[in-house]
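Enquirer:
In my numbering, the protein residues as written are 56 to 187.
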């Protein structure tokens, strides 16, 4: 039953037009970036597969490892290092994600925008955890 609610919510979000003006502005901005050949590199055309899903493994793995280390006393230095690695790896992964996102169908872009906003919040929280 819970899965049906999640699918219902995602379907509703895909059909929600209120964010379309923002999506159109962001899509034009991403497409206007002067990436040249870098656009194909970020799309993963050389690999035959988008690179964004591959690139996000580094921040996810780093942050998950940092969380495990946080459970152990005396490991805050190592945990902080892993959080920093994750933050550094998140930036190029996000750029690749935005480049892919700009070419998606409008319905997919609505979901992708929520995905990006949630991940931006996560990056902000991890960055804040380094200074707190």
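Note that CB positions come from ideal geometry on N, CA and C, so glycine has one too.
Just the Cα atoms here: how many angstroms apart are residue 73 and residue 86?
Expert: Residue 73 and residue 86: Cα-Cα distance of roughly 21 Å.
Enquirer: How would you label residue 107, buried or exposed, when you count the other beta carbons within 10 angstroms and need 16 or more for buried?
Expert: Buried: at least 16 other Cβ atoms inside 10 Å.
Enquirer: Output yes or no for whether 8 Å exceeds the beta carbon distance between residue 186 and residue 98.
Expert: No, the pair does not count as a contact, with Cβ atoms beyond the cut-off.
Enquirer: Run the CB neighbour count on residue 141, radius 10 Å, all protein chains shown included, and call it buried at 16 or more, exposed below.
Expert: Per the 10 Å Cβ criterion, buried.
Enquirer: What does the alpha-carbon distance come out to for the pair residue 118 and residue 126?
Expert: In a straight line, the C-alpha of residue 118 is about 13 Å away from that of residue 126.
Enquirer: Measure the C-alpha to C-alpha separation of residue 169 and residue 77 and round it to an integer number of angstroms.
Expert: Using only the alpha carbons, I get a separation of about 12 Å.
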